[in-house]
Structures are given as C-alpha cells and as structure tokens.
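Asker:
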Amino acid sequence: MSDVARVAGVSVMTVSNVVNGRPRVSAETRLRVLEVVADLGYEVNLTAKRLRAGRTGTVALVVPRFDHPYFGELAGRFATLLGEKGLHLAVEQSGASREGELSAVSHARLHMYDGVILSVVGLHYDDVDRLRTDLPIVLLGEQVVPERFDHVMMANVEGARLATAHLLERGSRRVAMAGGTPSGPSTGASELRSEGWRAAHRDAGLEPPEDLLVPMPDLEAATAHRVVAEALARARERGALPDAVFAVTDQVSLGVRAALHDAGLRVPQDVRLIGFDDLGLVQHVPPGLSSVDPHNGWIVERATDLLLSRIAGSTEPPQHLVAPASIAARASTA
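For the sequence shown, full-length UniProt numbering gives the first residue as 1, with consecutive numbering after it.
Put into structure tokens, the structure is as follows:
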C-alpha cells in the first residue's frame, strides 16, 4: 500500500480509503490511485487480504431475468447501495427455474462470495430448506420459504387492494384485472394480487366481476396487448366493456394501454388504467400511467442490512419483512 501511495503522491490512508470503497476521496484522486493500483498489480494483494479475513467483498444478487425492467431497476439499486458500502455486486440470472437458482447459489459458494440475495421463483420449499446456512442468504419474492432464512417481500395483496380501491373510489364499477388468476392457492405474485383485487371489491360491498379477470400465459407487454385485445372484443360483443383495468404489472399495463388504443378506448376518459411496480418508464407513457409503488428502495435497504448483518456474524432470529405499498397516481386514473 505504501508503494501505491508513493507513486500516486497521496497518503497511505487515502489509498486505504480508495481500495476499501470509502467515499471520502475526490473523483480525481480516486482515479489516480486506481490507475496506480492497476499498474502495480495491487488487486492481487487486496484479494489475498480479503481472503485472509474470510471475505471477498462481493455479494451476489440472483434474479430471474436481466432484460426485465423491474429486475434491472432492482439490480441498479442494489449495486448503488452496496457500492456506497465498499462492496461489489455480482448479478446472476436464474431464468426463474429451479435449476438456475440452485446453480446460482452453488456458483456464489464456489466463488467465495460473502453472501447472496436470492429472488426465489423456481425453488420449492424443500429446496430452500436444504440450502446450507454457512453462506449468508436473504430471500426475496412471494414464495413460502422456511422460517430459518431472512425474507423480504412485496405487499402484493395490499398493493393490489389499494390499486383496485383507487379505481373504485373514482367511480369505476367494472374493474377488470389483466394478468389475474382464478381463485385458488395464493403462491405467486399474480395469485396474490388477484386476491387483493377481489378483497377491494368485497370491501366496497361488490362482488368481484370474475368475467373481467383476464389470465395470461406470461406477463410480457406483447402478450398483454394480444390477450387484452381479444378480451375487449369479446366484452364489446356482450355489451360489457370494463370502465377500468388493474394490470398485474407495469409491463402488462403497457400492453393493456396499446390494446385500449387499438379498440378506440381513451385512457382515462373511457377506461381508467393502473399497473404495479412503478417503473420509471410508465411515467412517460401518455397520459402518464398510475401504478402501485412497492417501495423497492425500502426492500433493497432492508435486504442489504439483513445480509450484511449475517455476514458480520449476527445470530439474531430470522426476520420476515413485508414492504409498505402506496399509489403513485397519475393521469391514467384521473
């Protein structure tokens, strides 16, 4: 470290601040130190130092897909927060499959990552229960998981209830749900949000209009466009068009918006529309799409705090946390 300091013309403490990711260094000085670090091969020494301490300074985030805007935004938040704490983020794609998620955890162990934040989609309860606890793991997602793991969840039911109530309070009475599922076991996001859609109707003294529930084979915008267009055509033939739509995700809401436009229905004059996730892009889709804000910043902060606590050796009982939810109201539900 003293060699790096001498060549860079800075103090040893400044070099220490740079290589440990501390923020108390100007951008110009940080760049100069990093260039010297690279020239002198100091990374090898830093790696050895971290390995001797039992740490690599890297945390893995396992998400179903890289190309989904929600997970892209989530990964960006984690990378920023962990970077502020002097840690690196390695992002793994699981493909939402059991094999992919197991492989990602094994990969994290093989590369001696300090811990894993795992978005559980494909793993079953027994799979998760068999995961070893020598590698700190914090779980994200809706799946029911063993209590011995820390788990941070979205408020899926409450968020959907708020979205539907938001529409009903504005006078809508035929609120469709795009991407919903028939009544049954509530295990995934669509099922849980369908539960919230039904609950809001019952809270308002109304029977949920099951004829306006529109299931989908996947939650892509293109699929939503096609499936909702077909559903609108059938509803128009029956003289039973919806006056509002709750889309199970913002991706779905984009497809719904396109289908409504194709059908000659205006948003919000003819049909109000609200999504779920509050992605940055929906703010810029005319007329400005309302959405459920799942408080991803809260989720990222809590998951990070829990993981770093486990990495530091915490033996506190596992925590199961549910994020708050609120409505980001825009012109589409006016």
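From the three backbone atoms N, C-alpha and C, an ideal C-beta is built for every residue, glycine too. In this text, all values refer to a predicted model and were calculated from it rather than measured experimentally.
(1) Looking at the secondary structure, which residues open and close the beta strand (DSSP E) in which Val145 lies?
(2) Output needed for Val256: all residues of its chain with C-beta closer than 7 Å, excluding positions within five of it in sequence on either side, in chain order.
(3) I need the straight-line Cα distance from Arg77 to His201, nearest angstrom please.
(4) State the Cα-Cα distance for the pair Glu158 and Trp197, rounded to the nearest angstrom.
(5) Which residues share a DSSP beta bridge with Gln93?
(6) Looking only at C-alpha atoms, which of Val282, Leu118, Trp298, Glu92 sits nearest to Ser291?
(7) Identify whether Trp151 lies in helix, strand or coil by the three-state DSSP scheme.
(8) If distances are taken between C-alpha atoms only, which option among Glu35, Gly115, Leu40, Leu61 comes closest to Gly313?
(9) The alpha helix (DSSP H) that contains Gly179, what's its start and end?
(10) Using only the alpha-carbon positions, how far apart do Ala75 and Gln143 sit?
(11) What do you reckon, are the CB atoms on Pro324 and Ala155 nearer than 8 Å?
(12) With three or more beta-carbon pairs closer than 8 Å as the criterion, would you say the segment 58-65 touches the segment 104-119?
(13) In its own chain, which residues sit with a C-beta less than 6 Å from the C-beta of Ser194, not counting the 5 before and 5 after it?
(14) Where are the alpha helix (DSSP H) runs, 4 residues long or more, that stay fully inside the segment 280-313, in chain order?
(15) So Val322 is in the beta strand (DSSP E); what residue range does that whole segment cover?
(16) Can you tell me whether DSSP reads Val37 as helix, strand or coil?
(17) Near Ala5, what residues of its chain come up, given a Cβ to Cβ distance below 8 Å and the 5 sequence neighbours on each side ignored?
(18) Within the continuous alpha helix (DSSP H) that includes Ser253, where are the two ends?
(19) Leaving out five residues before and five after Met1 in sequence, what residues of the same chain have Cβ atoms less than 7 Å from its Cβ?
(20) Would you call the segment 133-149 in contact with the segment 77-97, where contact means no fewer than 3 C-beta pairs closer than 8 Å?
(21) By the three-class DSSP mapping on this structure, what secondary structure does residue 341 have?
(22) Quick check on His151: buried or exposed, where buried means 16 or more other Cβ atoms within 10 Å of its Cβ?
(23) At the level of alpha carbons, what is the spacing between Trp298 and Ala27?
(24) Which one of Met216, Ser190, Asp211 has the shortest CA to CA distance from Gly239?
(25) Within 10 angstroms of its Cβ, does His166 collect 16 or more other Cβ (buried), or is it exposed?
(26) Who are Val138's beta bridge partners in DSSP?
(27) What's the call for Phe276, buried or exposed, on a 16-neighbour Cβ count within 10 Å?
Answerer: So, to answer that:
(1) Premise fails: Val145 is in no beta strand (DSSP E) and is neither H nor E.
(2) Ala178, Ala224, Val228, Val245, Ala247, Leu273
(3) 34 Å
(4) 9 Å
(5) Val63
(6) Val282
(7) A small correction: the amino acid at residue 151 is His; Trp does not occupy that position in the sequence shown. If DSSP states are grouped into helix, strand and coil, His151 belongs with the strands.
(8) Gly115
(9) Where Gly179 is concerned, there is no enclosing alpha helix (DSSP H), given that its DSSP letter is neither H nor E.
(10) 20 Å
(11) yes
(12) yes
(13) Gly180, Thr181
(14) 296-311
(15) 320-322
(16) helix
(17) Ser11, Val12, Thr14, Val15
(18) 250-262
(19) Val12, Val15, Ser16
(20) no
(21) Summary: the structure shown does not reach residue 341, with the chain confined to residues 1 through 334, and so no result is reported for it.
(22) buried
(23) 28 Å
(24) Asp211
(25) buried
(26) Ile117, Asp150
(27) buried
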